[in-house]
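Peer 1: My questions all concern the structure below.
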Amino acid sequence: MKFEDGVWPEYDEQLEKLEIRLLLEAVFNRYGHDFRNYSYPSMRRRIWHRATMEQLGTISMLQHLVLHDRDAFERLLGDLVIPVTELFRDPGMFRFFRGKVAPELAKLPFVRIWHAGCASGEEAYSSAIVMDEKGLLDHSRIYATDISRQALQRAREGVVPPDRMEAYERNYEDSGGAQSIAAYYGEAGGVFRLKPSIADRIVFAEHNLVTDRSFNEFHVIFCRNVMIYFNSDLRDRVHALLYESLADGGFLILGGKESVAFTRLAGRYEIWSDEHRVYRKVR
Ligand SMILES: C[S@@+](CC[C@H](N)C(=O)[O-])C[C@H]1O[C@@H](n2cnc3c(N)ncnc32)[C@H](O)[C@@H]1O
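Residues 1 to 283 in full-length UniProt numbering are what the sequence shown spells out, letter by letter.
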């Protein structure tokens with residue numbers, strides 16, 4: 001079988017499944033990243049993309065390469081995680097968070113928020129801005145975690161690309177922001193970054209939802225657009241981890257296409273907003 005002009009070779013479906021299973025097993029054994037229960041169609045597409053980019057004609061050849069070459073593994077990892085995000089993504093959800101969740105958090109002496117699967121951090125910066133505007137940031141700690149070191153590095157830098165500023169301004173306004181989001185940027189040498197008054201309240205760290213345990217008890221957990229890439233078994237396991245990590249009365253906030261319905265824990269949450277995927281752990 002041969003790679004030709006970006007055209008994938010004809011593949012026997014069973015053989016392809018076997019090779020993908022072996023590749024993901026190899027990645028887990030060698031590097032500790034466990035993608036074995038991620039959604040198959042999405043894995044298949046991304047693995048073939050990487051094989052094509054490396055000009056390899058079979059997934060077994062990709063397996064050989066990533067086992068022997070850490071840089072090649074990092075490139076594959078870059079394809080398997082999808083660190084797409086933005087400031088105030090889904091502004092309606094942040095409007096709801098601002099108007100309905102924050103007043104509940106104001107009743108607590110100290111607030112711990114966890115962004116699980118934070119990518120390059122924009123979601124955590126957004127919640128920090130809302131907490132600041134609600135006068136709650138000084139007694140909050142925001143933890144933001146991901147498996148991608150590259151994404152976390154970008155998150156810590158907190159750089160705002162000029163070509164995103166207009167869209168971020170609109171998102172922020174739509175989320176109920178009262179001033180200009182530019183008030184939260186500082187500029188040095190032509191580079192715009194989120195201000196330290198916001199950034200310093202956020203702890204960025206590596207954490208794998210599949211292989212790591214709970215590390216604290218939180219009043220809010222954002223886990224948005226992460227579990228869409230998992231199969232239903234893995235989704236159930238991660239839901240159990242999130243549930244365990246929530247304080248009684250804590251809020252779970254999922255992505256627009258995600259829900260606690262159809263999980264084993266559905267009955268343990270009150271639906272606070274079906275539209276914005278906000279659930280509250282029953283006390
Ligand atoms: C599409 S981004 C979502 C970012 C943000 N939550 C949002 O909705 O804008 C998905 C992120 O989940 C992370 N991710 C995937 N599998 C993970 C795992 N097992 N543990 C932690 N993070 C994971 C990816 O690295 C990626 O950064």
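Using N, Cα and C, we set each Cβ at its ideal position, and we do this for glycine too. Treat the numbers as computed from the prediction; the structure is a model and nothing was measured.
Figure out for me which residue from Leu108, Trp48, Gly78 has the closest Cα to the Cα of Met131.
Peer 2: Position 131 of the sequence shown holds residue 131. It is Leu108 whose Cα lies nearest to the Cα of Met131.
Peer 1: Could you round the C-beta distance between His219 and Ile142 to whole angstroms and report it? I think they count as a contact, below 8 Å.
Peer 2: Walking along the sequence shown from the start, residue 219 turns up at place 219. Walking along the sequence shown from the start, residue 142 turns up at place 142. Going by Cβ atoms, the distance from His219 to Ile142 rounds to 11 Å, so no, they are not a contact pair.
Peer 1: By a C-beta neighbour count over all protein chains shown, 10 Å radius and 16 as the cutoff for buried, is Met53 buried or exposed?
Peer 2: Taking the first residue of the sequence shown as 1, we reach residue 53 at position 53. By the 10 Å Cβ count, Met53 comes out exposed.
Peer 1: For Thr263, which residues from the same chain have a beta carbon less than 8 Å from its beta carbon, with the 5 sequence-adjacent residues on both sides left out?
Peer 2: Stepping through the sequence shown from its first residue, residue 263 is reached at position 263. Counting only Cβ-Cβ distances below 8 Å, and skipping sequence neighbours, we find Arg235, Asp236, His239.
Peer 1: Are the beta-carbon atoms belonging to Leu23 and Ile82 less than 8 Å from one another?
Peer 2: As a first step, residue 23 is located in the sequence shown; it is residue number 23 there, counting from the start. As a first step, residue 82 is located in the sequence shown; it is residue number 82 there, counting from the start. No, they are not a contact pair.
Peer 1: For the region 90–107 and the region 173–181, state whether three or more C-beta atom pairs, one from each stretch, are separated by less than 8 Å.
Peer 2: Short answer: they touch.
Peer 1: Is the closest heavy atom of ligand 1 to the C-beta of Leu209 under 7 Å?
Peer 2: Against the sequence shown, residue 209 aligns to sequence position 209. At least one heavy atom of ligand 1 is nearer than 7 Å to the Cβ of Leu209, so yes.
Peer 1: Tell me the start and end of each unbroken beta strand (DSSP E) in the region 94–136 that is at least 3 residues and wholly inside, in chain order.
Peer 2: With a minimum length of 3 residues, the continuous beta strand (DSSP E) runs that stay inside the region 94–136 are 111–116.
Peer 1: Give the straight-line distance between the Cα atoms of Ala155 and Arg149, rounded to the nearest whole angstrom.
Peer 2: The residue you call residue 155 lines up with position 155 of the sequence shown. The residue you call residue 149 lines up with position 149 of the sequence shown. Answer to the nearest angstrom: the Cα atoms are 10 Å apart.
Peer 1: Are the beta-carbon atoms belonging to Phe251 and Arg280 less than 8 Å from one another?
Peer 2: Position 251 of the sequence shown, counting from 1, holds the residue named residue 251. Position 280 of the sequence shown, counting from 1, holds the residue named residue 280. Cβ distance < 8 Å, so Phe251 and Arg280 count as in contact.
Peer 1: Cutting at 6 Å between CB atoms, please list the residues of its own chain near Glu19, excluding the five before and the five after it.
Peer 2: Indexing the sequence shown from 1 puts residue 19 at position 19. Ile59, Ser60.
Peer 1: Compute the minimum distance between the beta carbon of Ile147 and the heavy atoms of ligand 1, and state whether it is under 7 Å.
Peer 2: The residue labelled residue 147 in the question sits at position 147 within the sequence shown. Correct: Ile147 has its Cβ closer than 7 Å to ligand 1.
Peer 1: How about Asn216: is its Cβ closer than 7 Å to a heavy atom in ligand 1?
Peer 2: Sequence index remark: in the sequence shown, residue 216 carries index 216 (1-based). No, ligand 1 has no heavy atom inside 7 Å of this Cβ.
Peer 1: From Val210, Tyr125, Ala51, pick the residue whose C-alpha is nearest to that of Tyr38; which is it?
Peer 2: Here residue 38 refers to the residue found at position 38 when the sequence shown is read from its first residue. Looking at the Cα atoms, Val210 is the closest of the given residues.
Peer 1: What does the alpha-carbon distance come out to for the pair Phe73 and Leu152?
Peer 2: Position 73 of the sequence shown, counted from the first residue, corresponds to residue 73. Position 152 of the sequence shown, counted from the first residue, corresponds to residue 152. Phe73 and Leu152: Cα-Cα distance of roughly 17 Å.
Peer 1: With distance defined between alpha-carbon atoms, name the residue in His68, Leu265, Ser273 nearest to Gly255.
Peer 2: Along the sequence shown, one-based indexing puts residue 255 at 255. With distances taken between Cα atoms, Gly255 lies closest to Ser273.
Peer 1: Leaving out five residues on either side along the sequence, give the residues of the same chain with a beta carbon under 7 Å from the beta carbon of His64.
Peer 2: Your numbering for residue 64 matches position 64 in the sequence shown. Once the five neighbours on either side are set aside, His64 has no close Cβ partner at all.
Peer 1: Going by beta carbon distance, what residues of the same chain come within less than 6 Å of Val66, once the five residues before and after it are set aside?
Peer 2: As a first step, residue 66 must be located in the sequence shown, where it is residue number 66. Excluding sequence neighbours, Val66 sits near Ala72, Phe73, Leu76.
Peer 1: Note down the Cα distance separating Tyr184 from His207, rounded to an integer number of angstroms.
Peer 2: Here residue 184 corresponds to residue number 184 of the sequence shown, with the count starting at 1. Here residue 207 corresponds to residue number 207 of the sequence shown, with the count starting at 1. Between Tyr184 and His207, the C-alpha separation is close to 27 Å.
Peer 1: For Gly256, does the three-state DSSP call read helix, strand or coil?
Peer 2: Reading the sequence shown from its first residue, position 256 is the one you call residue 256. Three-state DSSP puts Gly256 in coil, outside helix and strand.
Peer 1: According to the neighbour-count rule (16 or more other Cβ atoms, all chains shown, within 10 Å of its Cβ), is Leu15 buried or exposed?
Peer 2: To locate residue 15, count along the sequence shown from 1; it is residue 15. By the neighbour-count rule (16 or more Cβ atoms within 10 Å), Leu15 is not buried but exposed.
Peer 1: In the DSSP assignment, find the alpha helix (DSSP H) that holds Ile142 and state where it starts and stops.
Peer 2: Taking the first residue of the sequence shown as position 1, residue 142 is located at position 142. First-last for Ile142: 140–146, but that is the beta strand (DSSP E), not the alpha helix (DSSP H).
Peer 1: Have a look at Glu122 and Asn171 and give me their C-alpha separation to the nearest angstrom.
Peer 2: Start at 1 with the first residue of the sequence shown, and residue 122 comes out as number 122. Start at 1 with the first residue of the sequence shown, and residue 171 comes out as number 171. So the alpha carbons of these two residues sit roughly 12 Å apart.
Peer 1: So, for Asn29: in the same chain, excluding its five sequence neighbours on each side, which residues have a beta-carbon less than 8 Å away from its beta-carbon?
Peer 2: For the purposes of this step, residue 29 is taken as the residue at position 29 of the sequence shown. There are no such residues.
Peer 1: Reducing DSSP to helix, strand and coil, say where Ile271 ends up.
Peer 2: Position 271 of the sequence shown, counted from the start, is the residue given in the question as residue 271. Ile271: strand per DSSP, three-state reduction.
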